[in-house]
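Worksheet: the structure to be examined is printed underneath.
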Amino acid sequence: PRAVMCSLKMAALRAAALLLWLWPGRAAAAVPLVIWHGMGDSCCNPQSMGYIKKIVEAKIPGVYVLSLKIGNNVIQDMENSFFMNVNDQVREVCSQLARDPHLKGGYNAMGFSQGGQFLRAVAQRCPSPPMLNLISVGGQHQGVYGFPRCPGESSHICDWIRKTLDLGAYTPAVQEHLVQAEYWHDPLKEEDYRKNSIFLADINQERGINETYKKNLMALKKFVMVKFLNDTMVDPPISEVRQRPSQGDRSTAGDGTVHRGSPGAAGNGQSRKAGVPGGQGGPSALLGRVVLHHSPPLPPLKPRGSLM
């Protein structure tokens, strides 16, 4: 739909502007960029990731842009965004990055929607080659508990996903084979989530602190989270900029972007006021609050945008 394409293009322009802010300047060689698309999309769609790739290449002369493809073709890539185990996808991406000679000196990363939390997993699990900066555009870092809408022609798939998640999001079979179940975070089943989530609970260190994850994430120079202020695709949208959803999240307003100078709160069990290290650069509108590890248990909530 035209509205979705307009939103993607606006997100692309904002992300390109953030990249220019992160880029050290014309005197320095352009840092390669790795892009990971969202649910129901593919690496090379000319109206989404292909368009974004062209914008970045036009704005940063000589930059190498890798738009990740999971599978042998764009059809498999799109299907895998629904049905391929996320841990397997992350392993595949880590292998792709390690084999790419353009990336051996490090790279910037930009993830869209679920690609945002997937790239964070890459940063935490695969420090070589090094990810230098991460931009998450609409990534759901604390997961979701609703899919009010689905992109483009994927609505029939999402209808099936809703029914499957209702029946048993945390069962082994669903966790192993349904991508969206792997970052499904039901606030009414917090213990089930912590015990049985095979992806999100691991990268968010819900079952204990992983010092390697903490060290690798803290190695990022900057971690920028962009929230869609009128997101109708996932629930709760506040997951895009901080960890725990809370009551009233749907009505929460803000400037839409959270910036972390470095992800130093990861793994220490505390929230921290985000900022730029050393007071360097970045508009004050990019400051916000982020939690990247344990926080107090959620109060009982009724999921909004319910799948029931």
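The sequence shown begins at 1 in full-length UniProt numbering and counts up by one. Even glycine gets a Cβ: it sits at the ideal position worked out from N, Cα and C. All figures in this text were calculated on a predicted structure; none of them were measured in a lab.
- For K59, no beta strand (DSSP E) segment is defined; the enclosing uninterrupted segment is the alpha helix (DSSP H) at M49 to K59.
- From the listed residues V122, L103 and N210, the smallest Cα separation to S136 is found for V122.
- When secondary structure is reduced to three states using DSSP, M84 falls in the coil class, being assigned neither helix nor strand.
- Comparing alpha-carbon positions, the option among W184, I52 and D159 lying closest to A169 turns out to be W184.
- Going by C-alpha positions, L119 is about 10 Å away from C94.
- Taking a 10 Å sphere around the C-beta of D77, we find 16 or more other C-beta atoms and assign the residue as buried.
- Of all alpha-carbon atoms in S81, R207, M39 and W36, the one lying nearest the alpha-carbon of D192 is that of R207.
- Spanning the alpha carbons of Q140 and A109 requires a straight line of approximately 16 Å.
- The C-alpha of V174 is placed about 10 Å away from the C-alpha of N85.
- Within the model, the alpha-carbon separation for N196 versus G62 is close to 44 Å.
- Going by DSSP, Y64 is part of no alpha helix (DSSP H) at all; its letter is neither H nor E.
- According to the DSSP assignment, F112 belongs to the beta strand (DSSP E) that extends over Y107 to F112.
- When only Cα atoms are considered, L66 and L33 end up about 6 Å apart.
- Contiguous beta strand (DSSP E) elements confined to the region 114 to 202 occur at 131 to 137, taking only those with 3 or more residues.
- The secondary-structure analysis by DSSP pairs I35 across a beta bridge with S67 and M110.
- In terms of CA proximity to V74, G50 leads the group A58, G50 and G146.
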